[in-house]
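Undergrad: Could you have a look at this structure, given as structure tokens, before my questions?
Residue numbers (the numbering used here), protein chains in the order written: chain V, 1 to 480; chain E, 481 to 962.
Structural data, given as structure tokens:
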């Protein structure tokens, strides 16, 4: 079966899910059934078919599973949002039309992704500009203490969603070029006296620092990992100028923490950078230095940036009296909603979202807490299924990277997939209290125009890379 | 590069596994503690949207508690109404969002609120059924309960009636009662009332059982073979027991007297000697078989039950070091005094009535789904083999004499044989009050009902105060002589 036929068959279960999901939610709303509601489902299916035909025409060799998986996630999101508020679902469906348009435009405009390498500095500058926009007076705005959105007329827009793509394009291109010179070939082993000196002295210094500064367990671990990684990096005697980019991106991430005050999105960006750095150089030591510098910086900033400190405190104890009714209310309600779901959930449309006297029990149910709503309605099995779908999509993304033949394609596919996977981890991890809860969206599922459009563009880029890679393989006869 | 790409993918697989692990933590492993979290309003909101099940009397028709709805759609909420007011307040209790739950409303809450297991609720969800409460049919007898309330006539006290062969609790009356319909508006006043109307005197209060405890002593003596019904013992008064002089009621001196006659006339000096003859260990052993030293095994909240037993001046339960002679007649001192709940004394009578086999007491008969299917039927369940059937027969014969010609003649029913034992404990700082008791079962040949009656801090004897109440309750349920 050809790739495109597999893609078409992959869309069949998605259409069944949309139909079943809407039917389930509709059946619980006996009072306000509108005939128009079912058409959302049909419109959605129509959009999927349009997307499929477009891929068939322009990217006939691209990965057959990426698009159906994204459609599956979008279908789950649409049903959940419809259940929360039918009006929001209508808007979300409209955003899917816009997103699909951007998807097609991306594919039409970028027939070969290698052209992006030519504009990498322009793209990097534009991305940083986008990130800074929420701090601009007039259009910027603070939501829950973080600067993540801008308002242009009636439309709220999260520029970070687009900046993440631009920064990955830049990093992939930059590291393709410098990755090899960041590290040299392995040197032959040193005599043991030199080794002892090399490892022993920094270890001693680190120990003294721990004792003198009286660092806690977290701080001690950070310092030890940092010292060990730094020694391993220095061991390869890199020229100082190659630390430039590393320090630059670290500085950028710290600036993001200060400027947009959102731990989640800076974790997402910096994590994507470290993933690319590792794939490009194969040196864990570089990742160790980077990661410890990030957490060390975040640790330090947490003390000085009030919003970040507050988020961490809520994360550590959301049920502290005085916190639970105020800043901790959202995460506490998220956990209560999940506990209410149990193994199988309350059933679609059955979970408690509105208080009997009016008002909502789950703040930002359609954006931040959409995963908690799913756990409440579909239980552990439904939630684990969603995470499984994300993992499959990530797997296909990495597969694209494995099949790609040139460095830029590999790094671009890995970077885009990593930043996507990290976004899922940051928001689901926040909702489930693995890490502090922050305001990034759940890709394809959360309500939000910029999120849908940006992720459709990301999907288009992955498909373009995939099309090239697989076409190349087919030409060489390596892929049936 | 490919090796790093695969390693990176594995890292993400681990991270996603952590997400699923934490989701399971909240949805399954810590779900119960989150549901019970004091800041979680979900259970309360959901609960008042569920019509709780009905609670019925034993006839399956008389409604003791029901839910009334108000509002519509998402805002529909239900409130509990108790049509019988205070009459069944102690066994049934109440359930209100503002005040919590008590009694059967608490111990059967999962059924009444329609809490089903995961699979049942999955099917309910698939069939589109709304969650609703299950009905509970109790064993409570309406006529017997009304007779007990009328018999106590406003005096503080308690009546418990149990079916000996099934353990079904037919009557649980504690006076004063409270009106559960007024709990939300008047809880403060009811809670502060010095007469303690919220206290269930049948299970939550301990009294000196007086001579009714001689049934326990007699069981230990006969069943251990130390004494026979015809054994003759000196019933002179006074007698020195544990170095202190002990008198019979009214100072009556009986001389040498058979054990049967000693029970008929409730001779303290005989029973004190018997107590010393059997010893503390044997007495405590038989008390434990009757269920002393533990909460009654009743489907009732733990906090509303206290164990009976020998309690010393510090309020501790003791099994040793007390005056066994005085304990044997239901008395004692600072080193240990017998204290028993009316529920416990009813269980003593029930065990004797049921050939020495003590059945677990049960308020609930069955739990019924709205479609009529029975979810749970509470079957008769043996709690302990207290004594041999022969011992029980001997005791039944001895207790029959108490009602025929002894201290308990006021408990006799026309046409139905009754076996019983009276008790009159002296209470108050100057022993100016009495705690009259009567425990009994009937008919003797085939016991259908066992009963314990006591009145708190009054004047008069068990035979004159408590026995007539038992008589009217037994009449109401067994239909004899009316």
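C-beta atoms are modelled at their ideal positions from N, C-alpha and C, and glycine is treated no differently.
Remember, predicted model here, so these are calculated numbers, not experimental data.
1) DSSP on residue 772 of chain E, reduced to helix/strand/coil?
2) Please list the partners that residue 484 of chain E has in chain V, where partner means a Cβ-to-Cβ separation under 7 Å.
3) In chain E, what lies closer than 8 Å to residue 3 of chain V by C-beta?
4) By the three-class DSSP mapping on this structure, what secondary structure does residue 653 of chain E have?
5) Residue 494 of chain V: buried (16+ other C-beta within 10 angstroms of its C-beta) or exposed?
6) Could you check where the alpha helix (DSSP H) with residue 558 of chain E kicks off and where it finishes?
7) For chain E, check one thing: does any of its Cβ atoms lie closer than 9 Å to the Cβ of residue 383 of chain V?
8) Is it buried or exposed for residue 300 of chain V, if we count other Cβ within 10 angstroms and need 16 for buried?
9) Can you find a C-beta in chain E that's less than 9 Å from the C-beta of residue 432 of chain V?
10) Just list the residues that DSSP pairs residue 506 of chain E with in beta bridges.
11) Please go through the region 614 to 639 of chain E and give each complete alpha helix (DSSP H) segment of 4 or more residues, from N-terminal end onward.
12) Excluding five sequence neighbours on each side, which residues of the same chain lie with their C-beta closer than 6 Å to the C-beta of residue 559 of chain E?
13) Against chain E, does residue 49 of chain V count as a neighbour if the rule is that its beta carbon must be under 9 Å from one of theirs?
14) In chain V, which residues lie with their C-beta within 7 Å of the C-beta of residue 511 of chain E?
15) Counting along the chain, where does the alpha helix (DSSP H) carrying residue 227 of chain V start and finish?
16) Just to confirm, is the Cβ distance from residue 828 of chain E to residue 953 of chain E under 9 Å?
17) Using only alpha-carbon positions, find the residue among E/875, E/733, E/937, E/532 that is nearest to residue 920 of chain E.
18) Using a C-beta cutoff of 9 Å, does residue 294 of chain V count as contacting chain E?
19) Sorted by chain position, which residues of the same chain lie with C-beta nearer than 6 Å to residue 232 of chain V's C-beta, five sequence neighbours on each side aside?
20) How big is the Cα-Cα spacing for residue 611 of chain E and residue 328 of chain V?
21) By how many angstroms is the C-alpha of residue 638 of chain E removed from the C-alpha of residue 570 of chain E?
22) Taking only beta carbons into account, state which residues of the region 815 to 831 of chain E come closer than 8 Å to chain V, listed in chain order.
23) For the region 765 to 780 of chain E against the region 578 to 587 of chain E, are there 3 or more C-beta pairs whose distance is under 8 Å?
24) According to DSSP, is residue 65 of chain V part of a helix, a strand, or is it coil?
25) Of the choices E/668, E/892, E/567, whose alpha-carbon is the least far from that of residue 624 of chain E?
26) Say whether chain V places a C-beta atom closer than 9 Å to the C-beta of residue 505 of chain E.
27) Where does residue 405 of chain V land, buried or exposed, given buried means 16+ other C-beta within 10 angstroms?
28) Examine chain E for any beta-carbon lying closer than 9 Å to the beta-carbon of residue 173 of chain V, and answer yes or no.
29) Kindly indicate which three-state DSSP category residue 121 of chain V falls into: helix, strand or coil?
30) Under the DSSP definition of a beta bridge, which residues are partnered with residue 447 of chain V?
31) How about residue 165 of chain V and residue 457 of chain V: do their beta carbons lie closer than 9 Å?
32) For residue 348 of chain V, which of helix, strand or coil comes out of DSSP?
33) Tell me whether residue 74 of chain V is buried or exposed, calling it buried when 16 or more other Cβ atoms sit within 10 Å of its Cβ.
34) Which residue or residues does DSSP assign as beta-bridge partners of residue 913 of chain E?
35) What in chain E is Cβ-close to residue 390 of chain V, meaning under 8 Å?
36) Leaving out five residues on either side along the sequence, give the residues of the same chain with a beta carbon under 7 Å from the beta carbon of residue 344 of chain V.
TA: Per the coordinate set shown:
1) coil
2) 278, 279, 282
3) By Cβ distance, chain E contributes nothing, its closest Cβ being about 21 Å from residue 3 of chain V, past 8 Å.
4) strand
5) Nothing about residue 494 of chain V can be reported from this structure: the residues present for chain V run from 1 to 480 only.
6) No alpha helix (DSSP H) holds residue 558 of chain E; the beta strand (DSSP E) holding it covers 557 to 561.
7) A Cβ of chain E is located within less than 9 Å of the beta carbon of residue 383 of chain V.
8) exposed
9) yes
10) According to DSSP, residue 506 of chain E bridges with nothing at all.
11) 622 to 632
12) 548
13) no
14) 339, 342
15) 217 to 235
16) no
17) E/875
18) No, residue 294 of chain V lies away from the interface with chain E (no Cβ there is under 9 Å from its Cβ).
19) Closer than 6 Å at the Cβ level, and outside the excluded window around residue 232 of chain V, lie 285.
20) 30 Å
21) 11 Å
22) none
23) yes
24) coil
25) E/567
26) yes
27) exposed
28) Residue 173 of chain V does not count as touching chain E.
29) Taken through DSSP and simplified to helix, strand or coil, residue 121 of chain V comes out as helix.
30) For residue 447 of chain V, DSSP records no beta bridge to any residue.
31) yes
32) In this structure, residue 348 of chain V counts as coil in the three-state DSSP scheme.
33) buried
34) E/907
35) By Cβ distance, chain E contributes 496.
36) These residues qualify, in order along the chain: 379, 381.
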